[in-house]
Structure formats: structure tokens, C-alpha cells
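Okay, so the sequence shown: first residue is 174 according to our numbering, each after it adds one.
Each residue gets a CB set at the ideal place from its N, CA and C atoms; glycine is no exception.
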Amino acid sequence: MKKIAAIIMCLFSFNSFALGVYDSLGEPQKTVLKSIVSQLGLVDKNNSIKTKIYNMSSYVFDGGWNSKWFGLDDLSGSRYVDGIEKGFIEVSINHAEQGTIFITYIYKPETKQIIVFTKQVRHGPKNLTLQIFEDNKSDKDSYVLSHEGANYALLQAKGLVNFQFYNIQSETGSLVYVAQGKIDL
174 MKKIAAIIMC LFSFNSFALG VYDSLGEPQK TVLKSIVSQL GLVDKNNSIK
224 TKIYNMSSYV FDGGWNSKWF GLDDLSGSRY VDGIEKGFIE VSINHAEQGT
274 IFITYIYKPE TKQIIVFTKQ VRHGPKNLTL QIFEDNKSDK DSYVLSHEGA
324 NYALLQAKGL VNFQFYNIQS ETGSLVYVAQ GKIDL
């Protein structure tokens, strides 16, 4: 009997930990997470889906940030209305330290899975961007060079849908991180 009580207590404690993550967030984070879940057409009474979404991209909610989201029904002439617009949302985030981040969520009920595309745009001095590129390019255990031109290149993290797009101009460099992940429901 004591073992059963201990197991039940553990289950409640793990469950309340998962719920505690969402409950501990501020209103701005909760608002974004509610919008994502709603726009995907999901029901999340116990906040477990919101917690999974938060856990996958929590870094965007730290520090100074602001966001705007777009769905399939934002365009005035869109025919994605009356419920068929559900299943897609792109959240655009201006972040004080992380640059500009675009996170796209796609959900189809038959898959019981959310596919997540993340694009992070960074700008900086040309020499810093080139140094990051050279360091990652030389790390042959972690990265594969997909292509390299006079002022642009593409690296892929081995075995992952995770890319680094480099572009160098006269004095500045751009680095766009692109990744894909999934959330199982």
C-alpha cells in the first residue's frame, strides 16, 4: 500500500511540475503560447501542450523581447477562414540579445505532432561572422559544408535539419540559423 501511495505521489508531483512551468510564466509568454495553441486548433485544458511549446523555445522568452504572430487568415483576401485557417502560425520575435527570430508551427490532427521551423537572423561585423564560419567549417565532426561562394556559404549540422546561412558584405555579415524540430502530442 505504501508503494502504491508513493507511486501516486510521484505521478502527481511530475504532473504538477509540468503544469508548474506554464503557471510560472508571465502574462506576455502565456499570451503568445495561448495564441499558438488556439491558432493550431488544439485544446489544451491542462496546459501540457503550451508547456511543450515553451520548453522547445524558452530562450526566446528570456530578456527583452516583443512578438507579432501571423496566421493564414491575416490577409484580407485570404480564403482560409471559418476554421480552415487552423494548423499554422508564425511567431516573429524581436529579441534584445538573440536578434530576430521567426518560429513557424504546423499541426495536422492526424499526425498528433507539431512541426516547428525556427529561423534566427543575426547581423554583426564581417570579421566576427567570418570567424564563426571558419570555426564551424573546420569542425568536420559536427558540420558539413553544403556550398561556399565568394561572400556566402551554407553549413549543415551533421544528421540534423539544422543549417547556418552566411552572407558577407563590405563591412557586415549576416548569419541565419535555420532548424526544424517536432513536438509529439
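Next item on the list: Classify Q342 as helix, strand or coil using the three-state DSSP reduction.
Entry: On the sequence shown, residue 342 is found 169 positions in, with the first residue counted as 1. Here DSSP, grouped into helix, strand and coil, assigns Q342 to coil.
Notebook entry, point to check: Does the beta carbon of I279 sit closer than 7 Å to a beta carbon anywhere in chain D?
Noted result: Reference to chain D is not applicable here, since this structure consists of a single protein chain.
Item checked: Limits of the beta strand (DSSP E) - the one that T284 falls within -> Here the question's residue 284 lines up with position 111 in the sequence shown. No beta strand (DSSP E) contains T284, which DSSP labels as neither H nor E.
Notebook entry, point to check: With Q286 and K241 assumed to form a contact (beta carbons below 8 Å), what rounded beta-carbon distance in angstroms separates them?
Noted result: The residue you call residue 286 lines up with position 113 of the sequence shown. The residue you call residue 241 lines up with position 68 of the sequence shown. That belief does not hold up - the Cβ atoms of Q286 and K241 are roughly 25 Å apart, past 8 Å.
Item checked: V205 to Q353 span [Cα, whole Å] -> Here residue 205 corresponds to residue number 32 of the sequence shown, with the count starting at 1. Here residue 353 corresponds to residue number 180 of the sequence shown, with the count starting at 1. Distance between the alpha carbons of V205 and Q353: 20 Å.
Checklist line | Alpha-carbon spacing of N188 relative to S231, whole angstroms | finding: Taking the sequence shown and counting its residues from 1, the one referred to as residue 188 is at position 15. Taking the sequence shown and counting its residues from 1, the one referred to as residue 231 is at position 58. Here the model assigns N188 a pLDDT of 45, short of 50, so the residue's position is not dependable and the matter cannot be decided.
Item checked: Distance, V233 Cα to T345 Cα -> Residue mapping note: residue 345 aligns to position 172 of the sequence shown, counting from 1. Residue mapping note: residue 233 aligns to position 60 of the sequence shown, counting from 1. Their Cα atoms are separated by approximately 24 Å.
Next item on the list: Work out the CA separation of Q212 and I257 for me, nearest whole Å.
Entry: By one-based count along the sequence shown, residue 257 stands at place 84. By one-based count along the sequence shown, residue 212 stands at place 39. Straight-line Cα distance between these residues: approximately 10 Å.
Note to self: DSSP three-state label for L328, please.
What the structure shows: Along the sequence shown, read from residue 1 onward, the residue named residue 328 stands at position 155. Strand.
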